[in-house]
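Student: Sequential numbering of the sequence shown, starting at 1, is according to my numbering.
Cβ coordinates follow ideal geometry from the N, Cα and C atoms, glycine included.
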Amino acid sequence: MAAAVPSTTLQRLAQLSCKLFDNLYNPTNARTGNKVLRGRLLGPVLTSYYPQKLLHFRDVKAAYPDLGLVDLEEKERLDEIARRKRRGKGTPKKGDLRVMQKIWCEDYTD
1 MAAAVPSTTL QRLAQLSCKL FDNLYNPTNA RTGNKVLRGR LLGPVLTSYY PQKLLHFRDV
61 KAAYPDLGLV DLEEKERLDE IARRKRRGKG TPKKGDLRVM QKIWCEDYTD
């Protein structure tokens, strides 16, 4: 039978092997975080999670106010709000909610 190899020789062999293959020598098996540190960096992945900002008309309008640009969609939206308000279909004023709740409670609690 072959003679047993001394543990010091095995440790020295493991140390040389780690040095040769560029691994971390850790004889006590202590937690070092080396696995996490060797992983790929997450910075580029995290920064590319959200899409790039789109260029909106309001940004161009704010950048060049002297051009007098008009956003037709926004103008149409504001005109529609004004038309609805003239017909009495606009948004209620702040505080009217309490009045409406009081009226509703009086109507349905009797």
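What three-state label does DSSP hand Asn-26 in the structure shown?
Tutor: If DSSP states are grouped into helix, strand and coil, Asn-26 belongs with coil.
Student: Which same chain residues end up closer than 8 Å to Ala-14 when comparing Cβ atoms and leaving out the 5 residues on each side of it in sequence?
Tutor: Tyr-25 and Pro-27, listed in sequence order.
Student: Do you know how far the Cα of Asn-23 is from the Cα of Trp-8?
Tutor: For clarity, residue 8 is Thr in the given sequence; the question names Trp instead. If I take the Cα positions, the gap works out to 19 Å.
Student: Less than 7 Å between C-beta atoms, sequence neighbours within five positions excluded: which residues of the same chain meet that for Gln-11?
Tutor: Closer than 7 Å at Cβ, skipping near neighbours: Pro-27.
Student: With a Cβ-Cβ cutoff of 8 Å, do Arg-58 and Asp-71 count as a contact?
Tutor: Contact: yes.
Student: Please state the DSSP three-state secondary structure of Arg-38.
Tutor: Three-state result, Arg-38: helix.
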